[in-house]
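What follows is a short report on a single structure.
Have a look at this one:
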């Protein structure tokens, strides 16, 4: 035991001195191991700090209250709720009876002796220095001790009088206001003074102002109602304190009044599922277990691959150290040391670097997380609860660095221990045959993995099978790397002197070449796989893209406040974009001008285009019955090809797909039909869907004022009750793209028929495609109005994968250059005597640089070629699986006659640009970089003793 301890102590001391002597190599390996440890430890600390305890979460939602009472608008009907109060259902059978609606008497549910604090929330547009800003308005006595913890005061104070408000810091930054500024709401004449700034710990990016109860929401609702505009949509909850708090039994008592409760006592000590009546109801008991098996498997796979990549990169670096120290290791053997001592010294190098990387990475991870805590909190949008250091987790992460360092040093340690003392002292390495078992195992893994991936893509529907088979095949290629490197040597006979020497040197010394090539292979294979899949998906999306307008055209639409801000926004577009033609458009409004598009409020309705009975698709006229029960499969296959059953290909943002406009709209849409222009001029409608025109050549629009009766009729398969307005119509010939519209009606025709309209927006053509600066300026102008406007600039298909492909290419390039650089350093250590001989016989200085550059390029080229071939397999397998699934769904749809589907287009696209960068630019850059950093001066050394 004592001998073992002393031998390892000596080995660690030798390794520590070697690491300090060769600082550049040691720093390189340390950085490779420490960087992942830094990232993982920082991520662990960030996630743990952001994960609040139950007490911390309750403080932010309840303050110091015992509970929060909420009315779910079930009309006071008794209900069952989950312990957290987020899920609930009314008690009773509501399949036959109407669903309960209405407000409940919340205060009647309060226990004796309870104290209450009202917390109301609404939203409105407030005037800022830039225009109007949609903002949450809260009414709460924030200074009350019961509310402490919900808000954190940054400066000033909370409001104490009716004319005062406090605002979140995010609102002040966004609005350009400050503490002391005056604040007004759109539609309200009263002014409020900002007396304080606060933040919501769980929502740092929320724009919110807080006033006293009744000071802002009530007056604003009255003013908006007087103007015929939507209100603030106010909702009120109660923060409650009661003697003894609210146990689960007390919560259930409150539930009998139709009120949900979020209780502090229940959250801290939740009841068992068997004691929760809601979970005993049908459909609630089968809650999925919160198993993290999949997440753990994914995490283990990622960690394993990361450790493999680090070992492949760091292993040759340790081999460089062992090669440079072979004379020292030979002296250890000459003085009585055996092979285990040699192995211990090299392994101690991995241990020393691993421990240093663990300490450095963990310490930097903690320090960076602490220093960047405000930045991380702003990025996540919420404050951390506490700086949650978990020593056991950080120690486990640090142990990964130690294990990785030891694993990376195993192969160099075994290789160094097998050298004889004479070979180590003289610098001769002898000849050692490559392993014959490893290539066989690699070939078996390659064939097996390819077979699994093929099975997954051709038979199974599980992507995991394709991914697993591809991973096994890639590991097989890694194991085959030494044999494949040998095959590359046969190319050397056709190369010039320097690349031929570099290639033969790499092939002759496969022990140092193969790990570096394998590291490049792994990085490039992953990049090529993801790039191929991304490029294929991008091509599929490009083919499926349906434009909403002609290229370069623009539309802007506003559906709120009855089109109040539409004229301002129309002018803003005209001012900021290179507009050629502008076509103003309105929409049909049934009821008050302020009614939303789809109705739903008192006094608001909707409309629909009447489809004549002979033109209706029989598949859609079965009412509540399933079409499969009314028609045979053969009948459905015929009907889906019927022109009456053709579905719209392009989605339209226009409700009901009817626009109120003039012939200018046709010009913007690129529709050239003189008959249509004449029809609009004569007060007729222009129809783009021939199903809407009856036998008399007219179209009908049904105005629905009672939406409840209309919904009930639709449930029975009947026409909705309403008034039908008819118009003579002109049908656009087939082949014209209306971009989802079904009809255009002029404002004069709508007025003459008694149809109400409100401004909707405008369509535009442009003389040039608007650039990003113009679009940003337009968004800024619209933001000043405070309205929610939908703006679309038709740029055609724009892929989203370019940045991803670029990032992956850069990553693979860095790995390739790093691995090739390590292999080049090892090659220079091996070939030092050859380089000295070249210098002695008068070789030009550039030869050393040229040879070094080609040595680096050889490793990069071999790794990129093998990685490119290995990376295509998983991507192709996944795409073939998707193609087979798509074809199966298509054939099932056609067989069942569900719709007139088209065959799926699932291409496999090779990203040639990415491959070109990897195959040409990366090896060339690695070669140039290696040549530049190589010293070219002649160094003559003494001849080694024989």
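Numbering (this note's numbering), first residue to last: 178 to 1123.
Glycine included, each C-beta is placed from N, C-alpha and C at the ideal position.
Contact set for residue i: own chain, Cβ-Cβ below 6 Å, skip 5 residues either direction
i	result
residue 254	267, 277 and 435
residue 897	881, 887 and 890
residue 393	314
residue 367	none
residue 198	none
Which residues DSSP lists as bridging residue i, in chain order
i	result
residue 875	905
residue 267	256
residue 880	784 and 900
residue 920	835 and 864
residue 297	316 and 413
Residue i and residue j closer than 8 Å at C-beta
i	j	result
residue 879	residue 901	yes
residue 863	residue 921	yes
residue 241	residue 315	no
residue 627	residue 646	yes
residue 313	residue 300	yes
residue 531	residue 583	yes
residue 1030	residue 1107	yes
residue 534	residue 578	yes
residue 968	residue 764	no
residue 1036	residue 668	no
residue 231	residue 377	no
residue 357	residue 371	yes
residue 756	residue 938	no
residue 1103	residue 1033	yes
residue 970	residue 814	no
Collapsed DSSP secondary structure at residue i in the structure displayed
i	result
residue 748	helix
residue 440	strand
residue 309	strand
residue 328	strand
residue 467	Any reading at residue 467 must be qualified, since the residue scores a pLDDT of 41, below 50, and its modelled position is unreliable; the value itself is stated next. Looking at residue 467 - three-state DSSP - the assignment turns out to be coil, as it is neither helix nor strand.
residue 940	strand
residue 833	helix
residue 222	helix
residue 194	helix
residue 178	For residue 178, the predicted structure reports a pLDDT of 44, less than 50, and the residue's modelled location is therefore unreliable. A value from the coordinates is still provided. Coil, per DSSP.
residue 966	strand
residue 674	helix
residue 356	coil
residue 895	coil
residue 418	strand
residue 952	helix
residue 759	strand
residue 1106	helix
residue 348	helix
residue 445	helix
residue 365	coil
Chain-order list of residues whose beta-carbon lies under 7 Å from that of residue i (same chain, five-residue window excluded)
i	result
residue 225	565 and 567
residue 382	347 and 558
residue 698	654, 655, 658, 1040, 1043, 1044 and 1047
residue 428	438, 440 and 443
residue 539	214, 218, 571, 574 and 575
residue 248	280, 281, 283 and 436
residue 310	302, 303, 351, 352, 384 and 963
Residue-level contact to chain D via CB, residue i, 8 Å cutoff
i	result
residue 728	Judged by its chain identifiers, the structure shown contains no chain D, having just a single protein chain.
Integer-rounded CB distance, given that residue j should sit under 8 Å from residue i
i	j	result
residue 1063	residue 1083	6 Å
residue 943	residue 731	6 Å
residue 458	residue 257	7 Å
residue 438	residue 244	5 Å
residue 1027	residue 675	5 Å
residue 792	residue 821	6 Å
residue 1129	residue 452	What the structure shows of the chain is the stretch from 178 to 1123, and residue 1129 is not part of that stretch, so it cannot be assessed.
residue 522	residue 191	5 Å
residue 869	residue 786	5 Å
Contacts around residue i, its chain only, beta-carbon distance under 8 Å, and the 5 residues preceding and following it disregarded
i	result
residue 954	753
residue 306	352, 353 and 354
residue 194	none
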